[in-house]
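In my numbering, the protein residues as written are 88 to 302.
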């Protein structure tokens, strides 16, 4: 398949690029920085494109089978998560391809006996004020996506601690924050990339969100 990865030079995006290439897919890596794109490992199946994601056209998107939105943002621009999701969906309304894959956050997952949103725990601690806008906007992104019925999409959320690292055996869930047998709620970028590629190759979720954590 031909897979476009938006935000291809970030933590998640670069792991996705590597995993997709390892599995024999054609990858179109999209990012704003030519320098960072040039730093991606050279590969016969890798094409790079220096472009702002908001400038992508329907022709750009329709040239691939899968579009992965792995864009990261600074907290003061966290609204871009919502803006890009709405832009991609609006561009592809009333279509069945390409399929959109959104890398979401853990804040929209539920936890505790009362099944409250993880973002409520995050925003209750003043120490998190500097970055809480990101999970709040990613929740808004998912809320929007859940209204979309005429575009092919899927979302995936990591566990509470999402950081760079190799793939491990994984736990897959739906809307509840996952915790492994050691009491840890962790997803590495490698585990996320494997889960995304597994879903791309063998779709199990349609117009919904699922979550992955390290076992």
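Positions of the beta carbon are idealized from the N, C-alpha and C atoms, including for glycine.
Taking the CA atoms as reference points, residue 289 sits about 22 Å from residue 192. Measuring C-alpha to C-alpha distances from residue 147 to each of 257, 284 and 185 identifies 185 as the nearest. The residue from 273, 125 and 284 with its alpha-carbon nearest to that of residue 110 is 284. Contact holds between the stretch 230-245 and the stretch 186-205, because three or more Cβ pairs, one in each stretch, are under 8 Å apart. Going by beta carbons, residue 301 and residue 263 fall outside the 8 Å limit. Three or more Cβ pairs drawn from the stretch 132-145 and the stretch 106-123 lie within less than 8 Å of each other, which places the two stretches in contact. If you compare the alpha carbons of 298, 201 and 229 with that of residue 248, the shortest gap goes to 298.
Per DSSP, residue 170 lies in no beta strand (DSSP E); the unbroken alpha helix (DSSP H) holding it starts and ends at 167-178. The C-alpha of residue 224 lies about 34 Å from the C-alpha of residue 129. Remark: C-beta atoms of residue 180 and residue 229 do not approach each other more closely than 8 Å.
Out of 92, 266 and 106, the CA that lies nearest to the CA of residue 124 is found in 92. Of the candidates 114, 163 and 164, 114 places its Cα closest to the Cα of residue 150. For residue 96, the three-state secondary structure derived from DSSP is coil. With 16 or more other Cβ atoms from the protein chains shown falling within 10 Å of its own Cβ, residue 274 counts as buried. For residue 225, the uninterrupted alpha helix (DSSP H) segment begins and ends at 220-232.
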